[in-house]
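Numbering (this note's numbering), first residue to last: 12 to 146.
We put the beta carbon where it would ideally sit given N, CA and C, even for glycine.
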């Protein structure tokens, strides 16, 4: 399976999880990584929250994310009035949600590690039940 297919399948899996809550709606932004306009991978919302999500998966315990991806996520979220989030899943783990500011700055990229996700991130269940005022 190509990296692109793996990423698309991961996004679809996450969208399915949102819809299964019965209180969240989500849609995938097709071509989000190739558009000249800022666009997240997923836009999701509940009656209380709107979120813009950049999705990442990794076979390793580290995931490097280009700074421009994070910049565009934050730019879109600010203009749209949504919270910017990075959803990351490492092989054989669940989804974790991190705020862009929680990612380690390496100078050229932002780094999400499995350890960081497990310690500072929120699981999907925590994320969808978290009240926006508590962040």
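Between the CA atoms of residue j and residue i - distance to the nearest angstrom
i	j	result
residue 62	residue 139	11 Å
residue 145	residue 137	Bear in mind that a pLDDT of 46 at residue 145, under 50, signals an unreliable position, so the model cannot answer this.
residue 81	residue 46	14 Å
residue 102	residue 74	11 Å
residue 71	residue 48	30 Å
residue 32	residue 42	26 Å
Beta-carbon proximity list for residue i, same chain, < 7 Å, skipping 5 on both sides
i	result
residue 77	120
residue 92	61
Supposed contact pair residue j and residue i - C-beta distance, whole angstroms, cut 8 Å
i	j	result
residue 37	residue 26	5 Å
residue 66	residue 52	4 Å
residue 17	residue 68	6 Å
C-beta contact flag for residue i and residue j at 7 Å
i	j	result
residue 55	residue 40	no
residue 88	residue 64	no
residue 95	residue 84	yes
Sequence-distant residues of the same chain with beta carbon closer than 6 Å to residue i, five excluded per side
i	result
residue 134	105
residue 29	35, 37 and 55
residue 115	122
residue 129	none
residue 3	This structure does not reach residue 3, given that the chain is present from 12 up to 146, and the question cannot be answered.
Own chain partners of residue i with C-beta closer than 8 Å, once the 5 adjacent residues on each side are dropped
i	result
residue 141	133
Quick one: which unbroken beta strand (DSSP E) runs of 3-plus residues sit fully inside the stretch 63-146? Chain order, please.
-> 73-77, 94-101, 107-109 and 120-124
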